[in-house]
Amino acid sequence: MHLTYDVIVVGSGFSAIAVTCNLIEQLPASAKVAVVGDDPGFGRGTAYRTELYLHRLNVPAGRMSLLPHQPDDFVDWLKSHGRRLQAGDFASRGDYGLYVRDTLARLLRKREGRCRVDFIKAKAAGCVERYNSTLAFHLGNGDEIAGKTVVLCLGVGNATLPVAPDGIPASLRSRIIENPWRLSWLRRVAPSDAVCILGSGLTMIDQVLALRAHGHAGKIEVLSRRGLAPLGHAWKPPAPLPIDVERLPNTISGILKTLRAKSRTVADWRAVMDGLRPATQALWQRLSGEERARFLRHALPWWNIHRHRVAPDVFDRFEKLVLDGTVRFHAGFLKSLGAEEGRLAASYRVRATREIAEIRADWLVNCTGMERAGISHSPLLKEMSRFELIVPDPLGLGIQVDAASEVIAPSRISPARLFAVGALTAGQFWEITAVPDIRVQAKAVVEEIVSRG
Ligand SMILES: Cc1cc2nc3c(=O)[nH]c(=O)nc-3n(C[C@H](O)[C@H](O)[C@H](O)COP(=O)(O)OP(=O)(O)OC[C@H]3O[C@@H](n4cnc5c(N)ncnc54)[C@H](O)[C@@H]3O)c2cc1C
């Protein structure tokens, strides 16, 4: 089968749905759109598929509307579904997934004057330029579709284990959880089993709380390079301290010094982080390539824990487990994974020393996440790069796009237009992985598509 569309959206997570909703609102009835995604729960992606109430949003409900021009949309949805939550509360991610799905369904129900949208459940496996000014995608189901405009919304993919498990018998291999988002593994864990979690970010906190919710009562050892875990939102958030980007220095060390000094002038450091937030993209764009690389090398772990905070009650629950010794942190570099006396053994070099230590556990869970959207996780992106349809970002932050999110690929000849939305554009925007930023980008990209006809 071969079909040609005005717009093809590739992906099935939040970014793809946000783009699709805006296309439905803005394209004329004559337009044809295809959304190609391999995820069974269109719109939910990894983030919003979970059904555990403790897996909560890390952004208050009032800032999570899918449509930036209707800021109360999500809060209204929560109210209409009997959830007693206000704009400042942190809703469950499962509810957010339902809201995203409902928003799309609501727009699709308006049949009059709406463009045609075909949802195709398949993986986009390859892409070529066609002579008729289109980009054509080979799909995993054997079909081919072509588009005059394409929007790539591929997210970051799943992290792989940082080391190969050597000599581990099959019985123990099944105890290495490479993708913790398939929560079915929790049902196999005995209450007293020892669990080792690799990575200490938001996914680690999710998994610790999911273990507890499933009756686990054993010890949890957390290993990460620096042993730093996310901080919490304040119960009473301070007013953001306005920050003038133009007056900040151009170096990472200078910026950090200024931010630390500002933090000392306020009662709660969160006021500084929240004041910086609206200016982060502009600040990133001002930094040289060298300073961006310096930020990624030295400041990223600190940025992550201060910037990507968890809901205050979630933080309190987690902190209790740390204080009572259930959760213990280890800072170091994982060297190898093996088996010792019938258990998994993770050897690591203790941070800032030459000492090698070992954690023995019944389960090992990979929560190392994907901080950056390179292209290596995606066969589609690798092929597009080989054909020079895209150019990888030099720092591994997705692909090169301009300020309008249009892909920069000087060797591409086809006049078909190619955009990217979400984490793939982090090289240009940095702060582009959360809903408040992606929804604005999705709307702007669609406006750009519509304006150029
Ligand atoms: C656990 C977790 C919690 C989060 N919590 C929050 C939060 O509380 N608030 C917030 O604002 N942000 C949160 N985020 C950030 C989150 O990444 C964004 O909000 C958003 O979900 C990103 O959506 P996306 O569509 O860009 O990427 P993804 O959700 O990763 O979706 C990408 C989709 O593309 C599909 N795909 C990939 N390659 C192909 C291909 N070749 N062909 C077809 N389909 C393909 C994938 O299957 C996937 O469905 C969270 C992220 C995670 C992982």
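Positions -12 to 440 (the numbering used here) are the ones given, in order, by the sequence shown.
Just so you know, even glycine gets a beta-carbon here, dropped at the ideal spot from N, CA and C.
The model shown is predicted, which means the values in this text are computed figures rather than measured ones.
Straight-line spacing of the CA atoms in K108 and V259 works out to 43 Å. When A133, L170, R98 are compared, the shortest CA-CA separation from T121 is found for A133. Distances from the CA of G142 to each of K206, G30, C8 were compared; the closest alpha carbon is that of G30. Across the structure, P167 and L65 are spaced so that their CA atoms are roughly 28 Å apart. In the structure shown, L185 adopts extended strand secondary structure according to DSSP, grouped into three states. Taking all protein chains in view, the Cβ of K244 is surrounded by fewer than 16 other Cβ atoms within 10 Å, so the residue is classified as exposed. In this structure, D153 sits away from G319, with a CB-CB distance that is not shorter than 8 Å.
G219 has V297 as its beta-bridge partners, per DSSP.
If you look at G414, you'll find it in the alpha helix (DSSP H) that goes 413 to 416.
Its chain contains C102 as the residues whose beta carbon lies nearer than 7 Å to that of P15, once the 5 sequence neighbours on both sides are disregarded; these appear in chain order. The C-beta distance from L210 to L321 rounds to 6 Å, short enough to fall under 8 Å. If you look at W350, you'll find it in the beta strand (DSSP E) that goes 350 to 353. CA-CA distance, W417 to E328, rounds to 45 Å.
When distances are taken from the beta-carbon of D105 to the heavy atoms of ligand 1, even the shortest one reaches 7 Å or more. 8 Å or more divides the Cβ of E116 from the Cβ of S372. Spatial neighbours of A280 in its own chain (CB-CB distance under 8 Å, excluding positions within 5 residues in sequence) are listed in chain order as L382. Nearest to T90 by alpha-carbon distance, out of V176, G113, S250, Q57, is Q57. Secondary structure of G49 (DSSP, three-state): helix. By the 16-neighbour rule on beta-carbons within 10 angstroms, T340 is exposed.
Just measuring C-alpha positions, the residue of V46, K206, N119 sitting nearest R347 is K206. Shortest gap from the CB of G84 to any heavy atom of ligand 1: 7 Å or more. Less than 8 Å divides the Cβ of T7 from the Cβ of V(-4).
Between the segment 41 to 48 and the segment 295 to 309, the count of Cβ pairs shorter than 8 Å is three or higher; the stretches touch. In this model, T(-9) and A407 are separated by some 20 Å (Cα to Cα). Exclusion of the five residues before and after K110 leaves D25, G127 as the residues of its chain whose Cβ lies within less than 6 Å of its Cβ. Boundaries of the alpha helix (DSSP H) harbouring T245: 239 to 250, taken from the DSSP string.
Going by beta carbons, L196 and R304 fall inside the 8 Å limit.
Under the three-state reduction of DSSP, R103 is assigned to strand.
Note on D(-7): 16 or more other CB atoms within 10 angstroms of its CB, so buried under the neighbour-count rule.
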